Structures are given as structure tokens and as C-alpha cells.
Amino acid sequence: MPDQEISTKHIAAVIDIGTIAIRMVIAEVGNKNEIRYLEQLQKPVRFGKDVFKTGRLSNAAMRQGVNILRDFKSVIDGYGIKRVHAIATSAVREAQNRDNFIDQIYVRTGIEVEILEGAEENRLELVAVENALDEKINLEKKNCLIVEVGSGSTEMILMEQGQVSVTRTLTIGSVRLPEQGLAAKGDEDFIQRVLKKSIRDITKNVAREVSMERIDTFIALGGDMRFVSQQLLPDTVDRFTVLEKKEFVGFVSRIGKMTPEEIATQYSLDYGHAESLYPALLFYLNFLNETKAEEIIIPKLSIRDGLLLEIAQLVSGYRRTDVARQVLNSTHHLGAKYMYDKAHAVCVASLALKLYDLLAKDHGMGSRERLLLEVSGILHDIGIYVSPSGHHKHSFYLVDAADIFGLRRTDKNIVANVVRYHRRVPPRETHVPYMSLAKSDRAIVSKLASILRVADALDTAHQQKIRSFTLERSEDAYALWVPKDIGDISLERESLRRKGDMFADVFGAPIDLKQGVSPVD
705 MPDQEISTKH
715 IAAVIDIGTI
725 AIRMVIAEVG
735 NKNEIRYLEQ
745 LQKPVRFGKD
755 VFKTGRLSNA
765 AMRQGVNILR
775 DFKSVIDGYG
785 IKRVHAIATS
795 AVREAQNRDN
805 FIDQIYVRTG
815 IEVEILEGAE
825 ENRLELVAVE
835 NALDEKINLE
845 KKNCLIVEVG
855 SGSTEMILME
865 QGQVSVTRTL
875 TIGSVRLPEQ
885 GLAAKGDEDF
895 IQRVLKKSIR
905 DITKNVAREV
915 SMERIDTFIA
925 LGGDMRFVSQ
935 QLLPDTVDRF
945 TVLEKKEFVG
955 FVSRIGKMTP
965 EEIATQYSLD
975 YGHAESLYPA
985 LLFYLNFLNE
995 TKAEEIIIPK
1005 LSIRDGLLLE
1015 IAQLVSGYRR
1025 TDVARQVLNS
1035 THHLGAKYMY
1045 DKAHAVCVAS
1055 LALKLYDLLA
1065 KDHGMGSRER
1075 LLLEVSGILH
1085 DIGIYVSPSG
1095 HHKHSFYLVD
1105 AADIFGLRRT
1115 DKNIVANVVR
1125 YHRRVPPRET
1135 HVPYMSLAKS
1145 DRAIVSKLAS
1155 ILRVADALDT
1165 AHQQKIRSFT
1175 LERSEDAYAL
1185 WVPKDIGDIS
1195 LERESLRRKG
1205 DMFADVFGAP
1215 IDLKQGVSPV
1225 D
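Residue numbers for the sequence shown follow my numbering, so the first one is 705 and each next one is one higher.
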């Protein structure tokens, strides 16, 4: 029962609807990311058994899930909690009937569930990791791979000298791989025969894309690795443990010689966890073997802690992890992958942001859209890697197919469309990707793309001649003023004339480029 002396002012509950369990944490959050845990509940489910075989949640599984959440809601009400954040990950995310399940949960419990995408899982994982390490391990001096092998998906974050460079969400996991084998063959022995080869092939494919041999620090998240830590290093008081590679190898070898029944009995695990433990540990071991790390850092925090930390940040205003900076680090890495002109990309993004800020009263958008504009400015020309001809379209599908740290699917859809419309024809009703966006997102794309077109025109020669400007407004026109000492701007003025039509349509007045002393100075 809740402690009656605890203030409910900053008590929060987070719920994680996973592949093999539904978990809830109730905690009191305070200043500087302080979290005091009050209650933790967990109930097993087998959502993965349904979804990874049939693509749907069974009626029985949905009823079980709703009943568990109804019980959790009673506990929440006992604390008088108003701040509840419920998420669902891979199994529910991929279920064809997920909307029905989410609706049943809301109707019968009043709990609103957010379907969490891989990019958001990456973000929450990084928040949790940086908080757990608490500056005791300086990631800015290391090349680090963060891996969480879940039941239905695997999340990876590669950091180089503290900067996020690559993120991946792999649709494989400790439950999914054996389930795919069972669905194909209906044979438990088949899984054991193919398990090691399948995992080895998967990790080798990832290693071809990510320079694993540079990695000197291996961080393993997830309940399976926390279980390993508890078994091998039970007395660690820090919020993370450091495990020698050879100890981990020995433990995996011992687990591999046991049946799920033996694992469940010896370690007091439910059968579902015992069944998926060995595949999960094999994933971690194969990823580890691709690096030069000789030890494993195991934070004692989970994605639920990441959610609580974000709630604490909202309450206190204190942020340890600069998510926006890491979004941009990941963006630049993607640009470099496609050999972007970095000087031009940075210049255009900077000019676009300046115009965005000067037009704040005209466009009515906020910090999220500003970040998406900066990402778009950096990536607008990456399609040239495929072909200069129609490169705006190539930029669209390269962004659309990419993993960018911290960007949700809706965010990435906006960025992809903004880079698509940084040149040539503006959006039309016949353009399916644009028309597939929500009405509000189409408005955002039009505003951001029109600003980006202006910024791109100002550096049309890729010489960074124009680095700043002042904005003059009148009732029927906008003018950008640049100093005379930068030289001839006829090329930039002509480019703006050709590309400024969309700006005039969106903001209701044409925009011109002028040279001299601005009347608004």
C-alpha cells in the first residue's frame, strides 16, 4: 500500500507493455533527476507468441492484457497518481489489430497507451545510460556500442567520442528468432540447430555496416543482462556493473547446456523468460565478439527509468542528456555517409534557422519544428550521392529509409518531405507521400520547405558568401538585406527569384534579396 506521508505532487507511474511481460514502476521524481522508487510490478504475457506467428494479438491475449492493466490502474488510483505514461513496444507495435487493443485498454481502464517506435526507444535508452553512468565513465573519450536485445526487437546505438553516429532497430529478438523457426518447422530441435548460425549471420551483417572493430566500450541494456549481473556480481552498489568478458562467456556456456525447464528451476524464472534467456545472451555475446571490448558495462536502468527521467526533467527543468545535439550528430553522420558538402549543408541550415527565428510571429511553430528544419538543411542535398538529376527525390527516399537518432516516424516523414521540396515543384495533390501526411504536418512541411528554399538560394554557388542577413517586412513584401562588401550577389538574387515562389504562397508575400544598409538596422 502507498505511504500516506508521501506527497502526490510529483509521483508518477510508467507502464511498459512488452513482448513477454507488462511492467509498471511507481516513483517519486524530484530535482536533478532524483527518483525514489515506490513500487514495481510485473505480470507475464505471451504477446510475442501471437504476433510473431500470426501477425495479430489473440482475443485471449488482449483480455489478459486488459485485466492486468485494470489491476495496475487500481494501484495507481491508490496513490492518487495523475501523471501516467504507458508505452507499448515491438509486439503490440507490429500487431495488425493493435488499434483495437489500444482502444480496449482505454475504454476499460482509462489508460492511454503510446506505441513507442525504435527511435524513441533509442532516445530513452541513452537518457537512462547517461544517468546510470553518472559521469563515472566518460563516454566522450570512448567509442561505444549500446545494445539492448529485447524479446521482439534489438536496439543499437553507436557513439563515437560521445557523439551518436549510428542507430539501428533490428526486427529480431530473443523470442522472435525462435518463434520464426517454430512457425517454419514446428520443431524445437530445429531452433537449437539454427540459432547460433542465425545470430552469427545477423551480427556479421550489422558489422559490415557499422565499424565494430573501433568499439572499445560495450554497454548492454535489458533485463537479461541485469539478470546476468545479479548472478555474477550481486553486491555491486553502483547503478551499473562492469563484467569481464571471460566471466560472461563462461556463464553463457553454462546456460547453453541447460534446458529451459532447468533454467527456470535453478534461477526461479518463469518459463517464458527461461526459454528466451539463452538466445538473448547469444545475441549479446556475438555483438561483443565483433568489438575489441574486454568487459561489459551493464546499467541497472531500463526504458522505464528513461521514461521516469524524462518526467523528472519536465518537473525540474534539469537535463543531463542533450537529445537535440545527438539528433544533429546522427544527422551529420548520415550526411557523411552520402558524401554531403558539409560546408554548404551547415551554411544552408544556419541561414534557414536565422530566417525561421526572424519569422517566428509569421509561422507560429516551435522548437521541435526548428530542429526538423535544421536536420532538413543538413540533409537536403544527400540525394546527389545517387544522381545530381532529380536529387531532391533521391534525398527523400534516402531520408525516408534512414535511422536518425531521436526522430519518430512522423518527424522523419516531415524531414523527408521538406528535403523533397527544397527545389523544383512545390507540393501537389498528386504527390502521394505528401498527401499521406496529417493536415497539420502538411502545413509544417510547406512552411519549412519554403524557408529552406530561400536559404538554399542564398548559397546557390556553395561558396558561403552570404552568412547572415537582416529581414525587412512591409505589408506586401519581405526583403533580405546583405552587406555590400560581400561582392556581387546577382547569382543568389536570381536563384531566390526562381525558388522564392513557394515562400510567397506560404507567407502571402514575395521575398527579395537586397544589398546595402538595411533600413531596419
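Beta carbons are placed, not taken as given, at the ideal position from N, Cα and C, and that holds for glycine. Keep in mind the model is a prediction, meaning the values are calculated, not measured.
Note to self: Based on DSSP bridge pairs, tell me the residues matched to leucine 862.
What the structure shows: Along the sequence shown, read from residue 1 onward, the residue named residue 862 stands at position 158. Answer is Leu849, Val870, bridged to leucine 862.
Next item on the list: Find out if the Cβ-Cβ distance for the pair isoleucine 724, proline 748 is shorter than 8 Å.
Entry: What you label residue 724 is simply residue 20 of the sequence shown in a count that begins at 1. What you label residue 748 is simply residue 44 of the sequence shown in a count that begins at 1. Yes, the Cβ-Cβ distance between isoleucine 724 and proline 748 is below 8 Å.
Check: Around the Cβ of leucine 1012, are there at least 16 other Cβ atoms within 10 angstroms (buried) or fewer (exposed)?
Finding: In the sequence shown, the residue the question calls residue 1012 occupies position 308. Per the 10 Å Cβ criterion, buried.
Notebook entry, point to check: Any idea if tyrosine 741 is buried or exposed, counting beta-carbon neighbours within 10 angstroms, 16 or more meaning buried?
Noted result: Taking the sequence shown and counting its residues from 1, one reaches residue 741 at position 37. Exposed: under 16 other Cβ atoms inside 10 Å.
Next item on the list: Look up glutamate 979 in the DSSP assignment and say whether it is helix, strand or coil.
Entry: Residue 979 sits at position 275 when you count from the first residue of the sequence shown. Here glutamate 979 sits in helix by DSSP.
Check: Cα separation between isoleucine 967 and valine 1079?
Finding: Mapped onto the sequence shown, residue 967 falls at position 263. Mapped onto the sequence shown, residue 1079 falls at position 375. Using only the alpha carbons, I get a separation of about 47 Å.
Check: leucine 1018: buried (16+ other C-beta within 10 angstroms of its C-beta) or exposed?
Finding: Taking the first residue of the sequence shown as position 1, residue 1018 is located at position 314. Leucine 1018 should be labelled exposed.
Notebook entry, point to check: First and last residue of the beta strand (DSSP E) that includes valine 1090?
Noted result: As a position in the sequence shown, residue 1090 is number 386, starting the count at 1. Counting along the chain, valine 1090 falls outside any beta strand (DSSP E), and DSSP gives it neither H nor E.
Notebook entry, point to check: Taking glycine 752 as the reference, which of Gly1039, Glu821, Ser878 has the closest Cα?
Noted result: On the sequence shown, residue 752 is found 48 positions in, with the first residue counted as 1. Minimum Cα distance to glycine 752 is reached at Ser878.
Notebook entry, point to check: How about the segment 985-992 and the segment 820-829: do they share at least three Cβ pairs that are nearer than 8 Å?
Noted result: No contact exists between the segment 985-992 and the segment 820-829.
Notebook entry, point to check: Do histidine 1166 and aspartate 1045 come within 8 Å of each other at the CB atom, strictly closer than that value?
Noted result: Here residue 1045 refers to the residue found at position 341 of the sequence shown. Here residue 1166 refers to the residue found at position 462 of the sequence shown. Result yes, Cβ atoms of aspartate 1045 and histidine 1166 sit closer than 8 Å.
Check: Whole-angstrom Cβ separation of glutamate 816 and alanine 790, contact assumed at under 8 Å?
Finding: Counting from one through the sequence shown, the residue named residue 816 turns up at place 112. Counting from one through the sequence shown, the residue named residue 790 turns up at place 86. Correct: roughly 7 Å between the Cβ atoms.
Margin query: Whole angstroms are fine: how far does the CA of arginine 1029 sit from the CA of lysine 840?
Written below: The count along the sequence shown starts at 1 and reaches residue 840 at position 136. The count along the sequence shown starts at 1 and reaches residue 1029 at position 325. Between the alpha carbons of lysine 840 and arginine 1029 lies a gap of roughly 21 Å.
Check: Under 8 Å, do lysine 1169 and isoleucine 1190 count as touching if we go by C-beta distance?
Finding: Mapped onto the sequence shown, residue 1169 falls at position 465. Mapped onto the sequence shown, residue 1190 falls at position 486. It is a contact, given that the beta carbons lie within the stated cut-off.
Check: Excluding the five sequence neighbours on either side, which residues of its own chain have a C-beta within less than 6 Å of the C-beta of alanine 836, listed in chain order?
Finding: Indexing the sequence shown from 1 puts residue 836 at position 132. Within the same chain, Cβ atoms closer than 6 Å to the Cβ of alanine 836 are found at Arg943, Phe944, Pro1003, Leu1005, the five residues on either side in sequence being excluded.
Checklist line | Given 8 Å, three or more beta-carbon pairs between the segment 1106-1119 and the segment 1142-1154 | finding: With the cut-off at 8 Å, the segment 1106-1119 and the segment 1142-1154 touch.
Checklist line | Range of the contiguous beta strand (DSSP E) that encloses threonine 921 | finding: Numbered from 1 along the sequence shown, position 217 holds the residue referred to as residue 921. For threonine 921, the enclosing beta strand (DSSP E) has its first and last residue at 921-925.
Check: Run through DSSP, which three-state label would arginine 1112 get?
Finding: As a first step, residue 1112 is located in the sequence shown; it is residue number 408 there, counting from the start. Reduced to three states, the DSSP call for arginine 1112 is coil.
Next item on the list: Using 10 angstroms around the beta-carbon of valine 811, count the other beta-carbons present and answer buried if the total reaches 16, otherwise exposed.
Entry: Against the sequence shown, residue 811 aligns to sequence position 107. By the 10 Å Cβ count, valine 811 comes out exposed.
Checklist line | Buried versus exposed call for asparagine 771 [16 or more other C-beta atoms within 10 Å across all chains shown] | finding: For the purposes of this step, residue 771 is identified with residue 67 of the sequence shown, where counting begins at 1. Exposed, by the Cβ-count rule.
Check: Under three-state DSSP, which class holds lysine 1169?
Finding: Taking the sequence shown and counting its residues from 1, the one referred to as residue 1169 is at position 465. In the structure shown, the three-state DSSP call for lysine 1169 is coil.
Next item on the list: Only counting runs of 3 or more residues, tell me where the beta strand (DSSP E) segments fall wholly within the segment 951-1038, in order along the chain.
Entry: Inside the segment 951-1038, DSSP marks whole beta strand (DSSP E) runs of 3 or more residues at positions 999-1003, from first to last along the chain.
Item checked: Rounded C-alpha distance that separates threonine 758 from proline 1214 -> Locating residue 758 in the sequence shown gives position 54, counting from the first residue. Locating residue 1214 in the sequence shown gives position 510, counting from the first residue. Each residue's alpha carbon lies about 55 Å from the other.
Next item on the list: Please state whether DSSP places methionine 929 in a helix, a strand or coil.
Entry: To locate residue 929, count along the sequence shown from 1; it is residue 225. Three-state DSSP puts methionine 929 in a helix.
Check: Can you find at least 3 beta carbon pairs, one from the segment 842-861 and one from the segment 944-959, that sit closer than 8 Å?
Finding: No contact exists between the segment 842-861 and the segment 944-959.
Checklist line | Length of the line joining the Cα atoms of leucine 886 and phenylalanine 756 | finding: Within the sequence shown, residue 886 is the residue found at index 182, counting from 1. Within the sequence shown, residue 756 is the residue found at index 52, counting from 1. Any reading at leucine 886 must be qualified, since the residue scores a pLDDT of 47, below 50, and its modelled position is unreliable; the value itself is stated next. When rounded, the distance between both Cα atoms is 10 Å.
Note to self: Within a Cβ cutoff of 8 Å, which residues of the same chain sit near histidine 1096, ignoring the five residues on either side of it in sequence?
What the structure shows: Here residue 1096 corresponds to residue number 392 of the sequence shown, with the count starting at 1. Contacts found: His1084, Gly1087, Val1123, Arg1124, Tyr1125, His1126, Arg1127, Arg1128.
Notebook entry, point to check: Would glycine 1109 pass as a contact of serine 1034 if the rule is Cβ separation under 8 Å?
Noted result: As a position in the sequence shown, residue 1109 is number 405, starting the count at 1. As a position in the sequence shown, residue 1034 is number 330, starting the count at 1. Checking the sequence shown, residue 1109 turns out to be phenylalanine, not glycine. Against a cut-off of 8 Å, the Cβ pair of serine 1034 and phenylalanine 1109 comes out as a contact.
Item checked: Residue from Arg750, Ser1194, Ala823, Ala1208 whose Cα sits closest to the Cα of valine 796 -> The count along the sequence shown starts at 1 and reaches residue 796 at position 92. The candidate whose alpha carbon is nearest that of valine 796 is Arg750.
Check: In whole angstroms, what separates the C-alpha of aspartate 775 from that of proline 1092?
Finding: By 1-based counting over the sequence shown, the position of residue 775 is 71. By 1-based counting over the sequence shown, the position of residue 1092 is 388. Spanning the two alpha carbons is a distance of roughly 58 Å.
Next item on the list: Give the straight-line distance between the Cα atoms of aspartate 1160 and glycine 1212, rounded to the nearest whole angstrom.
Entry: Here the question's residue 1160 lines up with position 456 in the sequence shown. Here the question's residue 1212 lines up with position 508 in the sequence shown. Aspartate 1160 and glycine 1212: Cα-Cα distance of roughly 20 Å.
Next item on the list: Assign methionine 705 to one of three DSSP states: helix, strand, or coil.
Entry: Within the sequence shown, numbered from 1, the residue matching residue 705 stands at position 1. Only weak support is given to the placement of methionine 705: the predicted model assigns it a pLDDT of 42, under 50, and the value that follows is read from those uncertain coordinates. Looking at methionine 705 - three-state DSSP - the assignment turns out to be coil, as it is neither helix nor strand.
Checklist line | Spatial distance of leucine 1062 from histidine 714 (CA atoms) | finding: By one-based count along the sequence shown, residue 1062 stands at place 358. By one-based count along the sequence shown, residue 714 stands at place 10. Their Cα atoms are separated by approximately 37 Å.
Next item on the list: Following the continuous alpha helix (DSSP H) through alanine 1161, name the residue where it begins and the one where it ends.
Entry: Numbered from 1 along the sequence shown, position 457 holds the residue referred to as residue 1161. That run of the alpha helix (DSSP H) goes 1143-1162.
Next item on the list: Please confirm if the segment 862-870 is in contact with the segment 1046-1060, defined as three or more CB-CB distances below 8 Å between the two stretches.
Entry: With a cut-off of 8 Å, the segment 1046-1060 and the segment 862-870 do not count as touching, because too few Cβ pairs lie within range.
Note to self: With a threshold of 8 Å, are at least 3 pairs of Cβ atoms found where one atom belongs to the segment 869-876 and the other to the segment 851-861?
What the structure shows: Cβ pair count under 8 Å is three or more, so yes.
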